[in-house]
Amino acid sequence: MTFSDLGLSPKVLSAVSDAGYTKPTPIQAGAIPHALLGKDVLGIAQTGTGKTASFVLPMLTRLEKGRARARMPRTLILEPTRELAAQVEENFIKYGKNHKLNIALLIGGVSFDEQDKKLERGADVLIATPGRLLDHRERGKLLLNGVEILVIDEADRMLDMGFIPDIERICEMIPFTRQTLFFSATMPPEITKLTEKFLHAPVRVEVSKAASTATSITQRLVKSGNKPWEKRETLRNLIKAEDADLKNAIIFCNRKVEVSELFRSLLKHDFDAGALHGDMDQRARMQMLANFRDGKLRYLVASDVAARGLDIPDVSHVFNYDVPIHAEDYVHRIGRTGRAGRAGKSFTIATRSDTKYVDAIERLIGAKIEWHDGDLSTVTESEGEDVPRRGRGAPRRAGRKDEDRKDRGERKKDRHAKRDEMPETAREEQPVAEVADIAERRARKDAIRSENERKGSGNRHEQRGDARPQRDRPGRHREEDDATVGFGDDVPAFMRIVAKV
Ligand code: AMP
968 MTFSDLGLSP KVLSAVSDAG YTKPTPIQAG AIPHALLGKD VLGIAQTGTG KTASFVLPML
1028 TRLEKGRARA RMPRTLILEP TRELAAQVEE NFIKYGKNHK LNIALLIGGV SFDEQDKKLE
1088 RGADVLIATP GRLLDHRERG KLLLNGVEIL VIDEADRMLD MGFIPDIERI CEMIPFTRQT
1148 LFFSATMPPE ITKLTEKFLH APVRVEVSKA ASTATSITQR LVKSGNKPWE KRETLRNLIK
1208 AEDADLKNAI IFCNRKVEVS ELFRSLLKHD FDAGALHGDM DQRARMQMLA NFRDGKLRYL
1268 VASDVAARGL DIPDVSHVFN YDVPIHAEDY VHRIGRTGRA GRAGKSFTIA TRSDTKYVDA
1328 IERLIGAKIE WHDGDLSTVT ESEGEDVPRR GRGAPRRAGR KDEDRKDRGE RKKDRHAKRD
1388 EMPETAREEQ PVAEVADIAE RRARKDAIRS ENERKGSGNR HEQRGDARPQ RDRPGRHREE
1448 DDATVGFGDD VPAFMRIVAK V
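Be aware that the sequence shown starts at 968, since it is given in my numbering, and climbs by one per residue.
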């Protein structure tokens, strides 16, 4: 089968051919003909299967007739995250290059004004995250009764993030006569209920078993001691051993504190690394992703925020620095490699305490994962020592000052522990800025310093505020303002503890 067998318009076919695609993937072959006939589609497919084009291409063909009116978008695509929404926009630009369509992207973390202007002009395609869409609607700037096609993408991810009530509200605002294209990698009961309520006689297209992993990925487990420095060493050795095959890699951690620590450690060891997690502001996240995609960064240390849905073609390796606590995250993480039939490798660093999580993953994917270089039977867990001994002798006995410092550290740790222990996916839309991005902080500090120099003495908080990036108006899922803790960024040098890596 070729793309021209599917009923797509000549303009769309020409853009697909320019993109270099000749053969539709199974989800495209299954969904596109029905979508072109105006039927509701229930697509059960993971990212990496070509599912974005399976709704973008028929939408473009159908949008060739008719025009958009101010504030009344003709189509609406709902995505759970800003990155996914931006990726769908890129797809519309790529495949819609022969069309003159107005595309509006409504995501958090960027100003309302620009988005308002695009809505005012009339959007043929509106791509949005649910929170920001409802914010626009509540401000009276958006009418949804002209929507002819509604796409709900990554529905199971929407469920994870607590967006289902928002999705229901949005579905109720859109005319009953619309066409709905609905995609989910898995079909938990809540999602099935949603489809029963809002889809009309949908055509079901299922392209692979839910929660299965692509066969083009070579998966290995790698034994390690349990201490962070041991795991970091294991990772570095692994990266070095894979060097010849390794084009680029995403390295996943379970918690954002680990993302920051590992990122700093890799930089110290001269790896060309960037970091990506939910506490970074939108601009920094997009920039980091763009640098990785363009090959300016070889390694991207990421939390699960980056695991699902991101289309970064040609990632040769995925490293799980931590075994994911939720087995499904494993499938999504390693799905970043081996995309569209290309070969990929994934290595999961496992310690003795990870055994139960590894078992759960193997149960989910229905297969045993091979060990890379022997299993954990030869590994003895080191007790107590969090850092390798350096130089001569054993570590110094803790004195009073050390104890005080430890207490302070523990108290601070307690304050953050609850939040840090949560998987990032649960917190993505309510981030608390802590270690957003080293570069951004440095820039902010420089701005504060020059502002101080300019003004002489003055109110420190005002100056900090001036130098901070402009935040959004409060909205349902607005990002919280950075809370200043203790000295904030201005910790005196003598109080800084240099992290051993
Ligand atoms: P998606 O599942 O939409 O995230 O797409 C995964 C990757 O497959 C993207 O990099 C697409 O550009 C690519 N892709 C989409 N359709 C095709 C196709 N028919 N043949 C080869 N690659 C494709």
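Glycine is no exception: its CB is placed at the ideal position from the N, C-alpha and C atoms.
Where do the N-terminal and C-terminal ends of the alpha helix (DSSP H) with residue i fall, by residue?
| i | result |
| --- | --- |
| Gln1493 | Because the chain here runs from 968 to 1468, residue 1493 falls outside it and cannot be looked at. |
| Gly997 | Pro993 to Leu1003 |
| His1284 | Unbroken run through His1284 is the beta strand (DSSP E), His1284 to Asn1287; no alpha helix (DSSP H). |
| Phe1230 | Lys1223 to Lys1235 |
For the beta strand (DSSP E) containing residue i, list its first residue and its last residue.
| i | result |
| --- | --- |
| Phe956 | Because the chain is modelled from 968 through 1468, residue 956 falls outside the range shown and cannot be assessed. |
| Ile1044 | Thr1042 to Leu1045 |
| Arg1171 | Val1170 to Glu1173 |
| Lys1190 | Ile1184 to Lys1190 |
| Asn1193 | Run containing Asn1193: none; DSSP gives neither H nor E here. |
Could you tell me which residues DSSP pairs with residue i in its beta bridges?
| i | result |
| --- | --- |
| Pro1250 | Checking the displayed sequence, the identity of residue 1250 turns out to be Arg instead of Pro. In DSSP, Arg1250 forms no bridge with anything. |
| Gly930 | Only positions 968 to 1468 of the chain appear in the structure, and residue 930 is not among them; the question remains open. |
| Leu1072 | Ile1094 |
| Arg1199 | Answer is none; Arg1199 lacks a bridge partner. |
Per DSSP, what kind of secondary structure is residue i in: helix, strand or coil?
| i | result |
| --- | --- |
| Asn1065 | coil |
| Ala986 | coil |
| Met1255 | helix |
| Ser976 | coil |
| Glu1031 | coil |
| His1167 | coil |
| Ile1292 | coil |
| Met1039 | strand |
| Leu1009 | strand |
| Asp1102 | helix |
| Val1346 | coil |
| Ala1208 | helix |
| Phe970 | helix |
| Lys1108 | coil |
| Leu926 | In the structure displayed, the chain extends from 968 to 1468; residue 926 sits before or after that span and is not available. |
| Thr1019 | helix |
| Phe1059 | helix |
| Leu1024 | helix |
| His1299 | helix |
| Asp1449 | Below a pLDDT of 50, predicted positions are generally treated as unreliable, and Asp1449, at 29, falls in that range; the measurement from the model is reported next regardless. Three-state result, Asp1449: coil. |
| Ser981 | helix |
Can you find a CB in chain C that lies within less than 7 Å of the CB of residue i?
| i | result |
| --- | --- |
| Pro993 | The chain labelled as chain C is not found in the depicted structure, where only one protein chain is given. |
Where in the stretch 1113-1161 do unbroken runs of the alpha helix (DSSP H), each at least 4 residues long, occur, reported from the N-terminal end onward? 1122-1127 and 1131-1140
May I ask you to verify whether the stretch 1241-1254 touches the stretch 1291-1308, counting CB pairs closer than 8 Å and requiring at least 3? no
Decide if the stretch 1118-1128 is in contact with the stretch 978-992; the criterion is three or more beta carbon pairs, one per stretch, under 8 Å apart. no
Where are the beta strand (DSSP E) runs, 3 residues long or more, that stay fully inside the stretch 1301-1337, in chain order? Runs of the beta strand (DSSP E) lying entirely within the stretch 1301-1337, each at least 3 residues long, are 1311-1317 in chain order.
If you pair each beta-carbon of the stretch 1039-1052 with each one of the stretch 1219-1232, do three or more pairs fall below 8 Å? no
Decide if the stretch 1283-1291 is in contact with the stretch 1207-1217; the criterion is three or more beta carbon pairs, one per stretch, under 8 Å apart. yes
Check whether the stretch 1046-1063 touches the stretch 1144-1155, taking contact to mean three or more Cβ pairs, one atom from each stretch, closer than 8 Å. no
For the structure I just gave you, are there three or more beta carbon pairs, one from the stretch 1016-1026 and one from the stretch 1094-1110, closer than 8 Å? no
Count the CB pairs spanning the stretch 1021-1032 and the stretch 1066-1076 that are closer than 8 Å, and state whether there are at least three. yes
Three or more C-beta pairs below 8 Å linking the stretch 1165-1175 and the stretch 1232-1247: A contact between stretches requires three or more CB pairs, one per stretch, nearer than 8 Å, and the stretch 1165-1175 fails this requirement with the stretch 1232-1247.
Are the stretch 1223-1235 and the stretch 1333-1349 in contact at 8 Å, needing three or more beta carbon pairs? no
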